[in-house]
Amino acid sequence: MPCALVEKAVFELLKICQLLPYKENLADDLLRSLQLVLKLDARVADAYCEHIIKEIGWRTITSLLSITAHHPEASEAGFEALTFIMADGAHLSPVNYVLCVDASQLFAESRVGQADILDLMSGSVFCLAQWFREAKEGGGEEAVTKVSQDIGEMWLRLVEGLGKVCLDQREDVRNHALSSLQRGLMGVDGVRLPQSS
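Here the sequence shown stands for residues 3 to 199, where the numbers follow this note's numbering.
Structure follows, in structure tokens:
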């Protein structure tokens, strides 16, 4: 389990990155510090991901994970952290869904864990179905319509991401992406997607 000091240092650094992005004299220091964050053990993200509840926090985390996708030294740790977030939908939420799908697409296009990440992407469609059922059971027609629209946008982003990986030049990745896309298309059964006008 990572220590509390590491957690505090990482989150304080991320706060500084948010507060001071336009200070040119700090840019180099921030980038060097972010490189250190990329080298942290994936267990740091694993231990504290449930505390991140706002989109800006998830955007920062998934951006850092996305950067690791093509970084030889950090890609394994980034992949492990993203896998932890997406596995069984345990840490997926409507706030971080699209961000995680976008980061997953980058890992699918890289050399690390393509098949596993494609399976996580296609499996995430069941979260969409679950969120729709929960909204349907607990809300009125207007709330269901709004959730349906949001879920439709998330599902479309998933399908677009898988579709892009279907164009990969590597045959094994392309074939796995096609079967993942098929699962993603079939898994949305039971979800009322908004009609296009």
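Every residue, glycine too, gets a C-beta built ideally from N, C-alpha and C.
For the options Phe86, Arg61, Gln107, Leu94, the alpha carbon positioned closest to that of leucine 120 is the one of Gln107. When DSSP assignments are scanned along the region 52 to 85, no uninterrupted stretch of beta strand (DSSP E) that is 3 or more residues long falls wholly within it. For the pair serine 77 and threonine 70, the Cα-to-Cα distance works out to about 5 angstroms.
In this structure valine 114 does not touch tryptophan 133 by the C-beta definition: roughly 29 angstroms separates them, more than the 8 angstroms allowed. Cβ contact annotation for leucine 122 (same chain, cutoff 6 angstroms, sequence separation greater than five): Met88, in chain order. Rounded to the nearest whole angstrom, the CA to CA distance from valine 146 to alanine 137 is 6 angstroms. Collapsing the DSSP output to three states places histidine 178 in a helix. Taking asparagine 98 as reference, the option from Ala179, Ile58, Glu173 with the minimal CA-CA separation is Ile58.
Annotated as distal: glycine 165 and valine 127, with beta-carbon spacing of 8 angstroms or more. Counting the other CB atoms within 10 Å of its CB gives glutamine 116 a total of 16 or more, which places it among the buried residues. Counting along the chain, the unbroken alpha helix (DSSP H) around cysteine 102 starts and ends at 99 to 111. The beta carbon of valine 161 sits closer than 8 angstroms to the beta carbons of Leu183, Gly186, Leu187 from its chain, once the five residues preceding and following it are set aside; these are given in chain order. For cysteine 129, the enclosing alpha helix (DSSP H) covers residues 127 to 140. For histidine 178, the CB contacts under 6 angstroms within the same chain, skipping 5 residues up- and downstream, are Ala117, Leu120 in chain order. Shown here, alanine 92 sits in coil according to DSSP, grouped into three states, outside any helix or strand.
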